[in-house]
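Residue numbers (our numbering), protein chains in the order written: chain C, 18 to 368; chain Z, 18 to 368.
Where a beta carbon is used, it is the ideal one built from N, C-alpha and C, also for glycine.
Structure record follows, encoded as structure tokens.
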């Protein structure tokens, strides 16, 4: 049989299942509800693995992701995004709410009003900022938004935050403290309005190990299912936890370089300030991608000899969520079993 | 009618056609063959516009892109990539060669041998490095690879280079000189082996205006069809030349920030060292995207007042090739006419 053409994304099913089980055990041990962010895998089949070991539901970023996971059998979805709900989005959300237990993020009184006009009574979590400075209001303002939501007839479950600034070397534990502080302050602010939160949701892959389980009730890590070069370099996964790689072929040795046929159109162009390159090689930890074009990766290769032209290497993308969103399917391999392919059903589901 | 949900990519057809016509006129005026790189638009419909005004053929980066454009009616395709041709790729290339005039890039004797075993007699261009240090051999070595190709029975048309280091502020004219020097040296090297090149191909959007038309016979710009924030910041297009934008909605004002629902999964995560942010706003040149997540863009907004929640803005991606490759379709608008959608037929065509 001819080899599958490169580049393509390969998932080691044994590593994936081990990652899924380990995070479920962590959450159970800490009394935390686990609601994994499905934006990483965009695959209802991976979502089912997570739900099978005890996830309470899934997190999504967009209405179209929610639609794909509802179609795939999910029953409880949280849209962790401050949606602006116009009439078209309202109609889609009503259809979803008829099929699944739906919760939506809000971070302003205006958004609450727009949402309640379209989806009276829907469950919401108030988004608060714990220092990442993206969406999310100051935790002390959670009560005002929560009250507006309650007054508009929405079901205010509590608050959520995303500690995205945990994506920095050594930041995990300090950011987890800020996250816990923000959720505690949000709870206090909601409480002043007579709202006793049942859900205080946080948790990203780099920070989840340090979350304060006396405050948070739920965590929403995403990347842990696959791992990636960012997590490897942040120390939040080991190379042996990396379940997803990109199979790539050595196409050029020109100028004593090693050039692969995997570029930003399969790996993603993400490069964090702390990243040591545009991606890593799973089996050659000293190699680095120092130049990334759309269809070329140029490597430094400290080890002799060079990998031969035509040989295949396993590339670890910097940010696996970006790589998955560029693929139509994942090639699933399992020790002692044949390959299968799983569709990236929510690829491109941005609306 | 409900508004189309954001985020989505919109192309101003009038600006697109003006860009296509202007580059065709430039090439004609300089006696250069124009072979636009179709990786930017991945759309046979855009390719037809380019061919209709005199492009001699199209450039692609992968065999699967070539397949899409052949299916879309293209008759002359150059794969500007040092393909490693195994038996599976060989079979696909033979099928293509039966349908279109096909030319393939090579940059090693080994690749020449692998290619000639699968596609005897196919046309090739030797890739040479003009300073970008990606694929491509030293121009002085072009003769050795060209001779190996000729000896293997391939049809050696000449040489090509990609001046990717023209993507730096002020680099365009100096890099165009390096490009011309490399093509001249490649021609001389081929000539020592009795190969008189009929094709010497160069040209990227930032450097094409400065190419030496006494040396080059052909140019392969891609991005010029749409423009993007990189070209805007490099000075190789004006804002009024930008044909493609991402329609995005303001979803949050939290923390006195302006947050849009367009993130790296629609814009791409590209950020060159010279870029002033993760993207620009076409109608607000002083605004910058200072933080980009998968589904959020956080703006600085020097002008008062803030754009209202729910309002729509036109985002200019940093690198339009990446944005297009994330979309299933482009929404085509034309003054005085309705919208239509064009499929991004070669999206994800990486193999």
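**Item:** Within chain Z, the residues that residue 72/C reaches when beta carbons sit closer than 9 angstroms
**Value:** Taking the first chain and counting its residues from 1, one reaches residue 72/C at position 55. Per Cβ cutoff of 9 angstroms: no residues; residue 72/C is ~20 angstroms from chain Z at best.
**Request:** Mind checking the stretch 269-285 of chain C against chain Z and listing, in chain order, the residues whose C-beta falls within less than 9 angstroms of any C-beta there?
**Result:** Taking 9 angstroms as the Cβ-Cβ cut-off against chain Z, the residues of the stretch 269-285 of chain C that qualify are 269, 270, 271, 272, 274, 276, 278, 279, 280, 281, 282, 283 and 285.
**Prompt:** Is residue 345/C near residue 281/Z, with beta carbons less than 8 angstroms apart?
**Reply:** For the purposes of this step, residue 345/C is taken as the residue at position 328 of the first chain. For the purposes of this step, residue 281/Z is taken as the residue at position 264 of the second chain. No, the pair does not count as a contact, with Cβ atoms beyond the cut-off.
**Prompt:** Which residue from 246/C, 54/C and 337/C puts its Cα closest to that of residue 296/C?
**Reply:** Working through the first chain from its first residue, we reach residue 296/C at position 279. Nearest of 246/C, 54/C and 337/C to residue 296/C, Cα basis: 246/C.
**Item:** Under 8 angstroms by beta carbon: chain Z residues contacting residue 154/C
**Value:** Counted from its first residue, the first chain places residue 154/C at position 137. What residue 154/C touches in chain Z: 271 and 272.
**Request:** Scan the stretch 293-324 of chain C for residues whose Cβ lies nearer than 8 angstroms to a Cβ of chain Z and list them as they occur along the chain.
**Result:** Those residues of the stretch 293-324 of chain C that come within reach of chain Z (Cβ to Cβ, closer than 8 angstroms) are 308, 310, 311, 312, 313 and 315.
**Asked** Beta-carbon separation of residue 157/Z and residue 180/Z under 8 angstroms?
**Response** Here residue 157/Z refers to the residue found at position 140 when the second chain is read from its first residue. Here residue 180/Z refers to the residue found at position 163 when the second chain is read from its first residue. Residue 180/Z sits away from residue 157/Z, with the two beta carbons spaced by 8 angstroms or more.
**Prompt:** In chain Z, which residues lie less than 7 angstroms from residue 98/C when you measure between Cβ atoms?
**Reply:** The residue labelled residue 98/C in the question sits at position 81 within the first chain. Here the neighbours are 312.
**Prompt:** CB-CB under 6 angstroms to residue 199/C, same chain, minus the five flanking residues each way: which ones, in chain order?
**Reply:** As a first step, residue 199/C is located in the first chain; it is residue number 182 there, counting from the start. Around residue 199/C: 145, 147, 156 and 178.
**Message:** Within a Cβ cutoff of 7 angstroms, which residues of the same chain sit near residue 56/Z, ignoring the five residues on either side of it in sequence?
**Reply:** Looking up residue 56/Z in the second chain gives position 39. Around residue 56/Z: 77, 78, 82, 239 and 338.
**Item:** residue 297/Z (DSSP reduced to helix, strand or coil)
**Value:** Looking up residue 297/Z in the second chain gives position 280. Of the three classes helix, strand and coil, the one that applies to residue 297/Z here is strand, per DSSP.
**Item:** chain Z contact residues for residue 101/C, given Cβ-Cβ distances below 9 angstroms
**Value:** Here the question's residue 101/C lines up with position 84 in the first chain. Here the neighbours are 23, 266, 267, 268, 269, 278, 326 and 327.
**Prompt:** Can you tell me the Cα-Cα spacing of residue 95/Z and residue 50/C, whole angstroms?
**Reply:** Here residue 95/Z refers to the residue found at position 78 of the second chain. Here residue 50/C refers to the residue found at position 33 of the first chain. A direct Cα-to-Cα measurement between residue 95/Z and residue 50/C gives close to 54 angstroms.
**Asked** If you draw a straight line from the C-alpha of residue 233/C to the C-alpha of residue 271/C, how long is it?
**Response** Numbered from 1 along the first chain, position 216 holds the residue referred to as residue 233/C. Numbered from 1 along the first chain, position 254 holds the residue referred to as residue 271/C. Taking the straight line from one Cα to the other gives about 53 angstroms.
**Minimum Cβ-Cβ distance from residue 175/Z to chain C less than 8 angstroms** = As a first step, residue 175/Z is located in the second chain; it is residue number 158 there, counting from the start. For residue 175/Z, no Cβ of chain C is located within less than 8 angstroms of the residue's own Cβ.
**Members of the stretch 128-139 of chain C that neighbour chain Z once the beta carbon cut-off is set at 8 angstroms** = Here the close residues are 128 and 131.
**Item:** Cα-Cα separation between residue 35/C and residue 113/C, rounded to whole angstroms
**Value:** What you label residue 35/C is simply residue 18 of the first chain in a count that begins at 1. What you label residue 113/C is simply residue 96 of the first chain in a count that begins at 1. Answer to the nearest angstrom: the Cα atoms are 31 angstroms apart.
**Request:** Could you tell me which uninterrupted beta strand (DSSP E) segments, each at least 3 residues in length, are contained entirely in the stretch 209-284 of chain C, listed from first to last along the chain?
**Result:** Listed in chain order, the beta strand (DSSP E) runs fully inside the stretch 209-284 of chain C are 216-219, 261-269 and 275-277, counting runs of at least 3 residues.
**Prompt:** Per DSSP, what kind of secondary structure is residue 195/Z in: helix, strand or coil?
**Reply:** On the second chain, position 178 is the one that residue 195/Z refers to. Note: residue 195/Z maps to helix in three-state DSSP.
**Prompt:** Looking at C-alpha atoms only, which residue of 197/C, 72/C and 262/C is the closest neighbour of residue 32/C?
**Reply:** The residue labelled residue 32/C in the question sits at position 15 within the first chain. Shortest Cα-Cα distance from residue 32/C to any of 197/C, 72/C and 262/C involves 262/C.
**Message:** Taking 8 angstroms as the cut-off, does the stretch 360-368 of chain Z touch the stretch 325-340 of chain Z (at least 3 CB pairs, one atom from each stretch)?
**Reply:** Taking one beta carbon from each stretch, the stretch 325-340 of chain Z and the stretch 360-368 of chain Z have fewer than 3 pairs nearer than 8 angstroms; the two do not touch.
**Message:** One question on the structure: do residue 251/C and residue 284/C come within less than 8 angstroms of each other, judged by their Cβ atoms?
**Reply:** Start at 1 with the first residue of the first chain, and residue 251/C comes out as number 234. Start at 1 with the first residue of the first chain, and residue 284/C comes out as number 267. Residue 251/C is not a Cβ neighbour of residue 284/C, given a cutoff of 8 angstroms.
**Message:** Looking at chain Z, is there any beta carbon in it that lies within less than 8 angstroms of the beta carbon of residue 250/C?
**Reply:** As a first step, residue 250/C is located in the first chain; it is residue number 233 there, counting from the start. Judged by the 8 angstroms Cβ criterion, residue 250/C is not in contact with chain Z.
**Prompt:** How would you list, in chain order, the residues of chain Z whose beta-carbon sits under 7 angstroms from the beta-carbon of residue 110/C?
**Reply:** On the first chain, residue 110/C is found 93 positions in, with the first residue counted as 1. Within chain Z, no residue has its beta carbon less than 7 angstroms from that of residue 110/C; the closest one is some 12 angstroms off.
**Asked** Per DSSP, residue 175/Z is paired with what?
**Response** Numbered from its first residue, the second chain carries residue 175/Z at position 158. For residue 175/Z, the pairing in a beta bridge is given by DSSP as 142/Z and 216/Z.
**Request:** Could you spell out the range, first to last residue, of the beta strand (DSSP E) harbouring residue 314/C?
**Result:** Within the first chain, the letter at position 297 stands for residue 314/C. Where residue 314/C is concerned, the enclosing beta strand (DSSP E) starts and stops at 314-317.
**Request:** Please name the residues in the stretch 216-232 of chain Z whose beta-carbon is closer than 8 angstroms to at least one beta-carbon of chain C, in chain order.
**Result:** For the stretch 216-232 of chain Z, the set of residues with a beta-carbon nearer than 8 angstroms to any beta-carbon of chain C is empty.
**Message:** Beta-carbon within less than 7 angstroms of residue 299/Z's beta-carbon, same chain only, minus the 5 sequence neighbours each way: which residues are those?
**Reply:** Taking the second chain and counting its residues from 1, one reaches residue 299/Z at position 282. Same-chain partners within the cutoff: 256, 259, 262, 331 and 333.
**Prompt:** Applying a beta-carbon distance threshold of less than 7 angstroms, which residues of chain Z neighbour residue 151/C?
**Reply:** Here residue 151/C corresponds to residue number 134 of the first chain, with the count starting at 1. Within chain Z, the residues whose beta carbon sits less than 7 angstroms from that of residue 151/C are 276, 308, 310, 313 and 315, listed in sequence order.
**Request:** Please list the residues of the stretch 20-46 of chain C that have a C-beta atom closer than 9 angstroms to any C-beta atom in chain Z, keeping them in chain order.
**Result:** If the cut-off is 9 angstroms between Cβ atoms, the stretch 20-46 of chain C has 20, 21, 22, 23, 24 and 25 near chain Z.
**Prompt:** Between which two residues does the beta strand (DSSP E) harbouring residue 394/C extend?
**Reply:** Given a span of 18 to 368 for chain C in the structure shown, any question on residue 394/C remains unanswerable.
**Member of 311/C, 203/C and 301/C whose CA lies at the smallest distance from the CA of residue 318/C** = Against the first chain, residue 318/C aligns to sequence position 301. Nearest C-alpha to residue 318/C: 301/C.
**Item:** Neighbour-count burial assignment, residue 45/Z, 16 or more Cβ in a 10 Å radius
**Value:** Position 28 of the second chain, counted from the start, is the residue given in the question as residue 45/Z. Its Cβ having fewer than 16 others within 10 Å, residue 45/Z is exposed.
**Prompt:** According to the neighbour-count rule (16 or more other Cβ atoms, all chains shown, within 10 Å of its Cβ), is residue 291/Z buried or exposed?
**Reply:** For the purposes of this step, residue 291/Z is identified with residue 274 of the second chain, where counting begins at 1. Looking at its Cβ environment, which holds fewer than 16 other Cβ atoms inside 10 Å, residue 291/Z is exposed.
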